[in-house]
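This report refers to the structure that appears directly beneath it.
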Amino acid sequence: MKRPVKNQSDKYASAYSNEIQEGKIQMVDKQITELIAIGASVSANCQPCVKYHVSKARQMNIEDKEIQRAIKTGKMVRKGAADQMDKLLENISKEF
Numbered sequence: 003m004k005r006p007v008k009n010q011s012d013k014y015a016s017a018y019s020n021e022i023q024e025g026k027i028q029m030v031d032k033q034i035t036e037l038i039a040i041g042a043s044v045s046a047n048c049q050p051c052v053k054y055h056v057s058k059a060r061q062m063n064i065e066d067k068e069i070q071r072a073i074k075t076g077k078m079v080r081k082g083a084a085d086q087m088d089k090l091l092e093n094i095s096k097e098f
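Counting along the sequence shown from 1, when you hit position 56 you're at 58 in our numbering, and nothing is skipped either side.
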């Protein structure tokens, strides 16, 4: 009896996912990954993370303008999240 195609595709998707997690397949360039880490660190307000990832980016010879772009993007994300939180807190405060 043949297995449904869905099970077979799930099998391949699972194997592919495992290879990605094990580092056998690089989905995103390592430099791009580091720039993403910088932006995420900025948006999370993690100072040690920012220092670590900026230092690592410089060791990888990533251009300063690219590092600055990642920092700017992280700041925009952080500001957007903070603005939304301020609005939520303002609405909650009205309930008191």
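Note that the Cβ used here is the ideal one computed from N, Cα and C, for glycine as well.
Only counting the same chain, and skipping five residues up and downstream in sequence, which positions put a Cβ closer than 8 Å to that of Leu37? Residue numbering aside, residue 37 sits at position 35 when the sequence shown is read from its first letter. Excluding residues within five positions, the ones whose Cβ falls inside 8 Å are Ala59, Ile64, Glu68, Ile69, Arg71, Ala72.
Counting only the same chain and skipping the five closest in sequence on each side, list residues whose C-beta sits under 7 Å from that of Lys77. As a working mapping, residue 77 is identified with position 75 in the sequence shown. Excluding sequence neighbours, Lys77 sits near Val44.
Residues near Thr75 by beta carbon distance below 6 Å, same chain, minus five either side: Taking the first residue of the sequence shown as position 1, residue 75 is located at position 73. Counting only Cβ-Cβ distances below 6 Å, and skipping sequence neighbours, we find Gly41.
What would DSSP say about Asp31, mapped onto helix, strand or coil? Your numbering for residue 31 matches position 29 in the sequence shown. Three-state result, Asp31: coil.
Considering Ile69, what are the terminal residues of the alpha helix (DSSP H) in which it resides? The residue labelled residue 69 in the question sits at position 67 within the sequence shown. That run of the alpha helix (DSSP H) goes 66-96.
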